[in-house]
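Inspection log for the structure reproduced underneath, given as structure tokens.
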Amino acid sequence: MKREPAKNFRDLIVWQKAHQLVLDVYGFSSNFPKTETYGLTSQLRRASVSVPANIVEGFRKKGLADKIRFLNIAQGSLEESRYYLILANDLGYGDTSKLLLDLEEVLNIAQGSLEESRYYLILANDLGYGDTSKLLLDLEEVSKLLDSYINAIEQCK
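Count along the sequence shown starting at 1, add 1094, and that's the number in this note's numbering.
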């Protein structure tokens, strides 16, 4: 079955999941101590909001390299959010296990988007649209990093 191309960012499953993660993070962090308002609460919210925001920004970029770059930034923000959730859990601010699972789901979907991007880069090169070898190497590096993150997560379960 052929997928319809996304008409706007709201059609992207990765954005939908990332947006829900932000809503859940806001709900979870609303119970943090008031002393954390400008500390962990702000940092966690900022990092989590960065994920769907970068997905949106990348969606509107014309070039595949820019799309990949913004997806990579979103993935970095996911990792930053992961750390803040671990910290919140360790500080006793609440159980973050569901949020961490949701975060992992977004990360896995983003990884799938990178795999799809690799396919289009190879196709563009094969069709003579230009040399995409540098972009493919960059994409391969990002993909390997994501695989190592996912493996580390699975070992912690």
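By construction, the Cβ of each residue, glycine as well, lies at the ideal position given by its N, Cα and C atoms.
Inset, instruction - Can you grab the Cα-Cα spacing for the pair Asn1148 / Gly1186, in whole Å? - result: 30 Å
Inset, instruction - With a 10 Å radius around its C-beta and 16 neighbouring C-beta atoms as the bar for buried, classify Lys1161 as buried or exposed. - result: buried
Inset, instruction - Could you work out which residue in Ala1100, Phe1164, Leu1193 and Lys1111 is closest to Tyr1177 when comparing CA atoms only? - result: Leu1193
Legend entry - Where the alpha helix (DSSP H) containing Thr1135 begins and where it ends: Leu1134 to Arg1154
Inset, instruction - Can you tell me which of the three DSSP states Asp1189 falls into? - result: coil
Legend entry - Beta-carbon proximity check, Val1145 vs Leu1172, cutoff 9 Å: yes
Inset, instruction - May I ask you to report which of helix, strand or coil DSSP gives Leu1106? - result: coil
Legend entry - Endpoints, the alpha helix (DSSP H) within which Lys1128 is located: No alpha helix (DSSP H) holds Lys1128; DSSP gives it neither H nor E.
Inset, instruction - With distances taken Cα to Cα, identify the nearest neighbour of Leu1117 among Arg1140, Pro1127 and Lys1101. - result: Arg1140
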